[in-house]
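So in the numbering used here, the last one in the sequence shown is 1657, and the numbering has no gaps at all.
Built from N, CA and C at the ideal position, the CB exists for glycine as well.
Encoded as structure tokens, the structure appears first; notes follow it.
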Amino acid sequence: MTDVDHERTPLRLTGGRFDDASAGAEVGFPLEVITELARYERLLIQVARGIWKNTHPKRIRAPKRFDQKLRLRLVTVDRGSVMPVLAPNEQLADPQLFDPDGLYQRSHELVADALAAVVDEKPLPADFPLEATASLVQFGSSFRDDERCTLRRRSGGAVTYSQAARRHLVKITAEDNIQIDGELVGRVTQLRPNLQDFHFLIRGGARVTGKYHQQSRFEELRPVVDADDKAAFVRLACTFSKDSLGRVAAIDDVREVETVVGSEDAMAAELRGLLELEAGWHDGAGAAPTEAAVEWARDFAAELNVSTDALGLFPTLEGGVLAEMQIDARRWSLEVEPDGSPFVASAGPDEAPSVSEPGGAADAARALEAFLHD
């Protein structure tokens, strides 16, 4: 496969009008369903925009010509049954410079993941952009009951979509809320075992009601339930519903409960304070600290064998965490970036500043202890 070919997307269409076209003299693509290619293009671009927004949370607008770079061209129609081969317009013009972030392939794969979930009658993937749901519903609306569309994955697998599967999608999206599989971080504030439900205060969000189907989940939720400010922050692997505005409306089932910051953790109060911050905490600026950064700081605090009285934990404007200690004119700091990348720095009046990347939380703790014993 050439560099140009690897970005091309064949959609294999079978059954009905497509089999008629390939079996006899009517070779080519039936024009009456060519609108489906435009629907696929619109779906792909909206998903790509959602992916871009998630990976660039500080950016308000997408780059110039974002949509134009992902506009598709019908390159050819292959046989078996009918395979319209699509390629981005920008990639055809200059394949070496096209799509440096891989958005085309990532959005195609996410569309395939979403269609596979619909076929299996499962919730949509957690990272599927809510704003692309309407385009997902529209795709395939002109297919007849005996017609299929197969999307090939880059990994070599494929997903086959039909009108029957689409009817299931229409049914679940016709409701006000859309089910999603994913994770939520927050605090369990009330637990009612007789109803198998609980109240959950989502980090940076609202209070919602959650349910759990397995009785054993009660034993996992009971140790972390607490209505006061000292309650543990937990991560729920769950199925939840979002409303049309993208807000979590309810938790439909819980598969796993993981403690992010427990009440007995070292520096628990400071860590909870970081998780309680919302975007805009610094005069309208400042990203909320990421869970990855807070969990790294938690693991660091747990490894310390010295007093933490003089150690401060602070948010960074980028969404990371800064642990800092100053003794006389000497300063030691650990900065954890939003993605969890750590850097240790130290400086003093009689020593050159040093910066290093610790191998883990234990390494960072030993570095602080060495600083204190110098």
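How would you label residue 1300, buried or exposed, when you count the other beta carbons within 10 angstroms and need 16 or more for buried?
buried
With DSSP as the reference, please indicate the residues paired to residue 1534 in a beta bridge.
1493, 1523
State the DSSP-derived secondary structure class of residue 1543, mapped to helix, strand or coil.
strand
Please go through the same chain and pick out, in chain order, the residues whose beta-carbon is closer than 6 Å to the beta-carbon of residue 1586, but skip the five residues on each side of it.
1644, 1645, 1648
Rounded C-alpha distance that separates residue 1641 from residue 1570:
24 Å
Would you call residue 1342 buried or exposed, if buried means 16 or more other Cβ atoms sit within 10 Å of its Cβ?
exposed
DSSP three-state call for residue 1421: helix, strand or coil?
helix
Taking the C-alpha atoms as reference points, what is the distance between residue 1619 and residue 1626?
6 Å
If we call anything under 9 Å between Cβ atoms a contact, is residue 1557 one with residue 1596?
yes
Classify residue 1593 as helix, strand or coil using the three-state DSSP reduction.
coil
Starting from residue 1464, follow the alpha helix (DSSP H) in both directions and report where the run begins and ends.
Here residue 1464 belongs to no alpha helix (DSSP H); instead the beta strand (DSSP E) covers 1461-1475.
Residue 1632 classed as buried or exposed, judged by whether at least 16 other C-beta atoms fall within 10 angstroms
exposed
Do residue 1319 and residue 1411 have their C-beta atoms closer together than 9 Å?
no
Could you check if residue 1537 is buried or exposed, using at least 16 other CB atoms within 10 Å of its CB as the buried criterion?
buried
At what residues does the alpha helix (DSSP H) containing residue 1652 begin and finish?
1644-1656
Under 8 Å: do the stretch 1321-1337 and the stretch 1413-1433 share three or more Cβ pairs, one atom per stretch?
yes
When burial is assigned at 16 or more other CB atoms within 10 Å of the CB, is residue 1573 buried or exposed?
buried
Residue 1485 beta carbon less than 9 Å from that of residue 1531
yes
Whole-Å CB distance - residue 1517 paired with residue 1471, under 8 Å assumed:
6 Å
Does residue 1296 pass the burial test, meaning 16 or more other C-beta atoms within 10 Å, or should it be called exposed?
buried
Using DSSP's beta-bridge definition, name the partner residues of residue 1445.
1431
Taking the Cβ atom as the reference point for each residue, do residue 1448 and residue 1402 lie within a distance shorter than 9 Å?
yes
Pairwise C-alpha distance: residue 1346 and residue 1544:
37 Å
Could you check if residue 1464 is buried or exposed, using at least 16 other CB atoms within 10 Å of its CB as the buried criterion?
buried
Residue 1499 (DSSP reduced to helix, strand or coil)
coil
Is DSSP giving residue 1438 helix, strand or coil here?
coil
What are the start and end residues of the beta strand (DSSP E) that includes residue 1616?
1613-1619
With 16 other Cβ atoms within 10 Å as the buried cut-off, status of residue 1446
buried
In the DSSP assignment, the alpha helix (DSSP H) including residue 1391 goes from what residue to what residue?
1386-1402
Classification of residue 1390 by the beta-carbon crowding that lies within 10 angstroms, buried from 16 upward:
buried
Compute the Euclidean distance between the alpha carbons of residue 1651 and residue 1617, then round it to the nearest angstrom.
9 Å
Test: residue 1432 CB closer than 9 Å to a CB of chain D
This model lacks chain D altogether, as it is built from one protein chain only.
For the candidate residues 1535, 1513, 1525, whose alpha-carbon lies nearest to that of residue 1519?
1535
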